[in-house]
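Here you go:
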């Protein structure tokens, strides 16, 4: 998963982060993990993002569901 911020994308991510329930301390908005976190939190908060960020959000969401399933598999196989 690769994310690039073009033009106003960084500013939009910064605004998303500033309005999140779980915010970052001194976020570096150009880091892909910061953008992914902001897009996931926007999804959970039912915030609408547009343009390229909407397609990035969809990609993050699909990857997150696979990661969550893998975490559940590890937890259940270890009996935690």
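Numbering (the working numbering), first residue to last: -16 to 63.
A virtual CB, placed ideally from N, CA and C, is assigned to each residue, including glycine.
The beta carbon of residue 19 lies closer than 6 Å to those of 43 in the same chain, with the five residues before and after it left out. Beta-carbon to beta-carbon, residue 5 and residue 24 are separated by about 6 Å, close enough to satisfy the 8 Å threshold. In this structure, DSSP gives residue 2 a state outside helix and strand, which the three-state scheme calls coil. At the C-beta level, residue 3 and residue 22 stay beyond 8 Å of one another. In the three-state reduction of the DSSP assignment, residue 49 falls in the helix class, which pools H, G and I.
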